[in-house]
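Trainee: Next up is a structure, given as C-alpha cells.
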Amino acid sequence: MKKATEPMGPAALRMKWVPVTLPDGRSRMEMRWKAPRKIQKATAA
Numbered sequence: 000m001k002k003a004t005e006p007m008g009p010a011a012l013r014m015k016w017v018p019v020t021l022p023d024g025r026s027r028m029e030m031r032w033k034a035p036r037k038i039q040k041a042t043a044a
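Numbering that gives the first Met the number 0 numbers the first residue of the sequence shown as 0 and each following residue consecutively.
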C-alpha cells in the first residue's frame, strides 16, 4: 500500500518505507529519510 503523499520531516527531509533484505534472506520494511535533490536557501529577514 503506497500513500499518495510522503510525510515530510524537519529540514524538508521526506520519510519513506523501503524494503530491506536481511542476511538470512528475510525482508522487512524500514523507515528511511530522503533528502531533496535541490536545497533552497532561506532568505535572511
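By construction, the Cβ of each residue, glycine as well, lies at the ideal position given by its N, Cα and C atoms.
Leaving out the 5 sequence neighbours to the left and right, which residues in its chain are closer than 7 Å to Arg27 when beta-carbon positions are compared?
Mentor: In the sequence shown, residue 27 corresponds to position 28, counting from 1. Once the five neighbours on either side are set aside, the close Cβ partners of Arg27 are Val19, Leu21.
Trainee: Closest by CA to Trp16, which one among Lys33, Gly24, Arg25, Ala41?
Mentor: In the sequence shown, the residue the question calls residue 16 occupies position 17. If we check each option's Cα against that of Trp16, Lys33 comes out closest.
Trainee: Hey, could you find the ends of the beta strand (DSSP E) Pro18 is sitting in?
Mentor: Sequence index remark: in the sequence shown, residue 18 carries index 19 (1-based). Per DSSP, Pro18 belongs to the beta strand (DSSP E) from 13–20.
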